[in-house]
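Below: one structure, written as structure tokens.
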Amino acid sequence: MTSTKRRLIVIVGATASGKSDLAVRLARHYSAPIISTDSRQIFRGIPIGTAQPTAEQLAAVEHHFIAERGVDEPYSCGEYEREAIERLNKLFAKCDTVIAVGGSGLYIQALCEGIDDLPEIDETLRATLNRRLAEKGLESLVEELQRLDKEYYEEVDRSNPQRILRALEVCISSGRPYSEQRVGSRKQRDFQIVKVGIAMEREQLYDRINRRVDAMFDEGLVEEARAMYPQRDCNALHTVGFSELFDHFAGLITLEEARELIKRNTRRYAKRQMTWFRRDAEIGWFEAAEFDKIVEYIESQFG
RNA sequence: GGUCUGAUGGGUGAGUGGCUUAGCCAACGGUCUGCAAAACCGUCUACAGCGGUUCGAAUCCGCUUCAGACCU
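Note that the first sequence covers residues 0 to 302 in numbering that gives the first Met the number 0.
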């Protein structure tokens with residue numbers, strides 16, 4: 000197969016920066032399908048809170064990885080990488096260009112560069128470790144990590160439970176140090192990649208975020224969240240827009256407080272996204288409205 | 001015109017002479033290989049102005065400015 004004809008256009012940017020609209024325009028321009036690189040839009044039942052593409056957008060352009068999973072199904076960027084590459088292969092069989100859009104930096108990295116093949120973790124192991132974390136505290140896990148993987152112990156953020164937990168579960172389930180298996184090599188993909196970032200002034204971005212949250216409330220976010228409340232412990236629902244409303248349902252905060260917290264947490268999320276994307280030197284940055292310049296840039300990069 | 005009260009960092013709000021960078025919020029910067037819209041880390045040393053008292057003042061005194069309340 001000719002790898003030179005396969006092109007993946009990756010659209011990145013902060014939440015609410017206008018990625019979806021740009022992606023749809025590009026998809027039409029190139030007659031290309033869209034695959035999502037969003038860790039939350041992949042779930043069913045939460046279209047409002049995760050700002051999934053509208054019905055019109057979904058009807059106009061073929062979308063993938065939107066509302067494909069139940070919130071109770073565990074998912075990860077590793078699984079995403081495998082599925083996305085497989086899906087891309089099918090798509091490239093019938094078209095040259097595919098658009099990828101989404102705000103999950105790690106998923107984008109998994110898609111473009113791949114991540115190490117690490118062992119599957121036994122279902123109950125994480126639960127066990129989580130229980131230990133809750134009962135004995137982080138220190139206990141950190142100490143064990145020091146024994147099992149001195150090298151990683153030295154370099155991890157030892158106050159981050161998630162990192163400690165992950166390292167430990169890999170060490171335990173594989174019987175080998177995590178650091179040994181975490182080589183971080185970049186996988187060679189058989190398609191070309193161009194990354195386009197949407198740049199937007201902070202003030203304007205925050206304004207769009209604030210207004211979008213209000214719009215979500217108008218569209219029925221509260222009802223959507225209420226329907227998901229019974230499944231609130233699912234990781235898929237540890238998401239801005241849902242966590243806050245769950246707190247409201249639990250009587251911890253008022254509805255208005257929840258609304259303001261959702262705005263604030265979305266702003267913070269956007270900030271983290273920008274921190275992530277800023278260090279990716281492969282991204283070409285443009286204003287969302289500069290469609291012609293973007294197309295020109297894409298063409299120049301693909302050569 | 002007079003009396004009184006108050007003036008703390010972007011916001012809130014303690015702190016009535018000598019370890020307070022109070023705390024909180026917002027904001028900002030960052031980390032990142034399987035929970036990533038997650039989790040975690042870091043930054044933001046102010047006390048209206050001027051002078052005085054004191055070994056030492058956000059804290060005491062005086063004046064000035066500003067704000068509010070009240071009295072003629």
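Don't be surprised by glycine CBs; every beta carbon is placed ideally from N, CA and C.
Thinking C-beta only, is residue j closer than 7 angstroms to residue i?
i: T36; j: L144; result: no
i: E223; j: G48; result: yes
i: I43; j: G69; result: It is worth fixing the name first, because residue 43 is Arg in this sequence and not Ile. Yes, these two residues count as a Cβ contact at 7 angstroms.
i: I98; j: A22; result: yes
i: D95; j: K4; result: yes
i: V155; j: R146; result: no
i: A257; j: L236; result: no
i: I212; j: I282; result: Ile is not the amino acid found at residue 212; the sequence shown has Val there. In this structure, I282 does not lie closer than 7 angstroms to V212 by Cβ.
i: S30; j: P52; result: no
i: V60; j: D115; result: no
i: I297; j: I8; result: yes
i: P160; j: L128; result: no
i: W275; j: A198; result: no
Looking at C-alpha atoms only, which residue of the options is the closest neighbour of residue i?
i: R263; options: E80, G302 and R210; result: R210
i: L117; options: T53, S172, F190 and P73; result: S172
i: I192; options: V100, I261 and R131; result: V100
i: Q272; options: Y106, E82 and L260; result: Y106
i: E200; options: L7, G17 and I8; result: G17
i: E259; options: S299, K292, L137 and Y205; result: Y205
i: T265; options: E153, N129 and M215; result: M215
i: A280; options: G196, T127 and A249; result: G196
i: E304; options: R188, S242 and Y268; result: Absent from the model: residue 304. The displayed extent of the chain is 0 to 302, so no value can be given.
i: A50; options: L57, A58 and Q40; result: Q40
i: A66; options: C170, I45, G174 and N88; result: I45
i: S75; options: G219, Q108, K135 and S184; result: Q108
By the 10 Å Cβ neighbour count, where 16 or more other Cβ atoms means buried, how is residue i classified, buried or exposed?
i: P32; result: buried
i: V11; result: buried
i: G302; result: exposed
i: R27; result: exposed
i: T238; result: buried
i: A13; result: buried
i: S178; result: buried
i: P73; result: exposed
i: A15; result: buried
i: Y228; result: exposed
i: G174; result: exposed
i: A58; result: exposed
i: L254; result: exposed
Spatial neighbours of residue i within its chain, please: C-beta separation below 6 angstroms, excluding the five flanking residues on both sides.
i: R157; result: V141
i: M0; result: A caution first: M0 carries a pLDDT of 47, below 50, which makes its placement in the model unreliable, though a value can still be read off. For M0, where only same-chain residues beyond five positions count, there are no Cβ hits under 6 angstroms.
i: F248; result: Y228
i: F91; result: R5
i: Y151; result: A166, Y177 and S178
i: I252; result: D246
For residue i, which residues in the same chain have their Cβ closer than 8 angstroms to its Cβ, ignoring the five residues on either side in sequence?
i: K186; result: E112 and G113
i: R125; result: L164 and E168
i: D71; result: Q230, C233 and A235
i: A226; result: G44
i: Q203; result: none
Which same chain residues, not among the five before or five after residue i, have their C-beta less than 7 angstroms away from its C-beta?
i: F290; result: R24
i: S103; result: T36, D37 and S38
i: D217; result: none
i: D148; result: A166, C170, P176, Y177 and S178
i: K292; result: F285
Is residue i near the ligand HEM, going by C-beta to nearest heavy atom under 6 angstroms?
i: A59; result: This structure lacks the ligand HEM, and indeed carries no ligand of any kind.
Hey, which unbroken runs of the beta strand (DSSP E) at 3 residues or more fall wholly within the segment 23-61? 33-35
- In the segment 141-199, which residue ranges form an unbroken beta strand (DSSP E) of at least 3 residues, counting only runs that do not cross its ends? 191-198
_Length-filtered (3 minimum) beta strand (DSSP E) runs lying within the segment 68-135_ = 96-100
Q: Report the residue ranges of all alpha helix (DSSP H) runs contained in full by the segment 208-294; include only those spanning at least 4 residues, in chain order.
A: 220-227, 242-248 and 254-277
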